[in-house]
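Q: Take a look at the following structure, please.
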Amino acid sequence: MRALVLDAEWNPKASYDLSEDEQEQHRAMNSANVWQNPELRVEERERPEPDKDEVLVRVKYAGICGSDAAMTETDDDGYMHYSAYTQLPNVIGHEFSGEVVETGDDADLFEAGDPVTAEVTDYCGRCQMCRQGFHGHCENFEQIGFTLDGAFAEYVTVPEKILWGVSELSEQYEDEDELYRAAATIEPSTISFYGLFGRAEGIWPGDYHVYHGVGPIGLTGMNVSRAAGAGKVIAFEPSDERRAIANELGFDHVYNPIETDPVTKVNEVTGGEGADVHVETSGAVGATYPVIEGTLAEQANVVHISNAGSDPDIALRKYQGNSAQIYGSEGHTGQQVYPRTIRLMASGQLDNLPMITSTYDLENADEAVSQACKRVDGKVLIEV
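Below, the structure written as structure tokens:
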């Protein structure tokens, strides 16, 4: 089978405290301190065989995440920008849809031909975090496209317990190709869904929502907020292209934070009440947190989703005085986030098709990643 593989040189920085497990397994917990000179290549690989608890999926579409782009970008010394857990070489890609081809001996939830998508994190189910229900913080986790071979390939094997059927999307998408394209955007939608409803508390229909950053996570999140009954969804994004995509999705309050003062605009749109919900999806925390703190409604929720390169100064007394909360949110695993997001999409309340702006075939998947690195698209897909 054909697959897009990421490889890099193992060269830990002298300042990085490499653990014994990292050294023995060549797995980096902080990739930005270990992997140097990353390279992409499309190559021929053997088709994987599913283990007894796995399902073999024929990939239809796979989306490029910001983390996929960051794994190919480097600093001046050639170290990758991505700062989380990886093992290389590896087939990357974790946002995808596909069709079941074969099931392992103990996998009986799906049949050949079923349309599916999947979560990213394979959790053990036995550690303390898993036993508390926090599967996304599993102490023994693996991740599709990071430590396990991913979906930028013709086939991928997936643990059955993190696979989800999407046949009910046919209620909204009669065309099979559209169904698979939409299903490939479920994963980024679950990121904001989990942040808003799995982590934050007390979010109500009619609330004012502000998104700081309108990349793929921000765009899908805005759709989720609208589906959940937000009174108004406001967004700030410097990219002309991405603001235009948000407008095409039907959002009117989308502004350039360089040309328009965000604090003034939020207070204007909300009649001086401020925002009930702030969602940080840009990573530019030095610029966004002063805006957040200048527009906090009473008892506001701040949902921090982005992987920021630095920590912002926090005006702690502002949060205390407004009885506001900051919720860190990572991933999407557990709490029925996937089936709930799928139901929203099946009902027509969540439609991400208009945000898909570029599609490449697998042989040109490296070009697709390069396009995503420009950060002007809504969502870039690879058609397999």
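For the sequence shown, counting from 1, position 121 maps to 121 in full-length UniProt numbering; every step adds exactly one.
Each residue gets a CB set at the ideal place from its N, CA and C atoms; glycine is no exception.
As the structure is a computational prediction, the values presented were derived from the model and not from experiment.
1. What residues match up with I356 in a beta bridge as DSSP calls it?
2. If you count every other CB in all the chains shown that lies within 10 Å of the CB of G121, and 16 or more means buried, which is it?
3. Measuring CB to CB, does F134 end up less than 8 Å from Y85?
4. At which residue ranges does the segment 281-329 contain complete alpha helix (DSSP H) runs of 4 or more residues, listed in the order of the chain?
5. Please name the residue in R375, Y360, A62 whose C-alpha comes closest to that of A368.
6. Once the 5 residues before and after H209 are set aside, which same chain residues still bring their CB inside 6 Å of it?
7. If you drop the 5 nearest sequence neighbours on each side, which residues of the same chain put their C-beta closer than 7 Å to that of P159?
8. Alpha carbon to alpha carbon, what distance is there between L362 and residue 385?
9. Which ranges does the alpha helix (DSSP H) cover as unbroken runs of at least 4 residues, wholly within the segment 120-186, from first to last along the chain?
10. Is the separation between the beta-carbon of V101 and that of A112 shorter than 8 Å?
11. Helix, strand or coil: which one does DSSP assign to M345?
12. Between the beta-carbon of S306 and the beta-carbon of T333, is there less than 8 Å?
13. Check whether the segment 172-190 touches the segment 246-263, counting contact only when three or more Cβ pairs, one atom from each stretch, lie closer than 8 Å.
14. Does the count of Cβ pairs from the segment 335-345 and the segment 182-197 closer than 8 Å reach three?
15. Quick check on the burial criterion: 16 or more other C-beta atoms within 10 angstroms. Buried or exposed for T295?
16. Quick one: Cα of A246 to Cα of D252, how far?
17. Taking 7 Å as the limit between beta carbons, can you name the residues of its chain near W164, skipping five residues before and five after?
18. Starting from L56, follow the beta strand (DSSP E) in both directions and report where the run begins and ends.
19. For P50, which three-state DSSP category applies?
20. Closest to D76 by CA distance: which of N37, K379, E201 is it?
21. Report yes or no: do the segment 82-99 and the segment 146-157 share at least 3 C-beta pairs separated by less than 8 Å?
22. Can you tell which of V214, L344, A275, L316 has its C-alpha closest to the C-alpha of M355?
23. Less than 8 Å between the beta carbons of M71 and L6, yes or no?
24. Given Q87, which residues of its chain have a CB within under 6 Å of its CB, disregarding the five upstream and five downstream residues?
25. By DSSP, does K232 sit in helix, in strand, or in coil?
26. So who's on the other strand from L88, going by DSSP bridges?
27. With DSSP collapsed to three states, give me the class of M222.
28. Helix or strand or just coil, what does DSSP make of A70?
29. Assuming D7 is part of the beta strand (DSSP E), what are its boundary residues?
30. Could you check the C-alpha separation between L40 and A8 for me, to the nearest Å?
31. Measuring only the C-alpha atoms, how far is K223 from A346?
32. Which residues in the same chain have their Cβ closer than 6 Å to the Cβ of V285, if we skip the five residues on either side of it in sequence?
33. Taking the alpha-carbon of G378 as reference, which of G221, G150, G202 has the nearest alpha-carbon?
34. 8 Å is my cut-off, CB to CB: does A297 come that close to chain B?
35. Would you check if the distance between the CB atom of V376 and the CB atom of S167 is smaller than 8 Å?
36. DSSP puts Y255 in a beta bridge; with which residues?
A: Answer, in terms of the structure:
1. K379
2. The sequence shown places Thr at residue 121, not Gly. T121 is buried by the Cβ-count criterion.
3. no
4. 285-294, 316-321
5. Y360
6. S225, A230, V233, V277
7. D53, E54, D122
8. The requested residue 385 is not part of the displayed model; the chain covers only 1 to 384.
9. 128-131, 176-183
10. yes
11. helix
12. no
13. no
14. yes
15. buried
16. 8 Å
17. V116, T117, A118, Y338, P339, I342
18. 54-63
19. coil
20. N37
21. yes
22. V214
23. yes
24. R27, T147
25. strand
26. Answer by DSSP bridge pairing: none, since L88 is not bridged.
27. helix
28. helix
29. 2-10
30. 9 Å
31. This sequence places Asn at residue 223; Lys is not what is there. Cα to Cα, N223 sits roughly 14 Å from A346.
32. A308, P312
33. G221
34. Given the protein chain composition of this structure (a single chain), no chain B is represented.
35. no
36. F236
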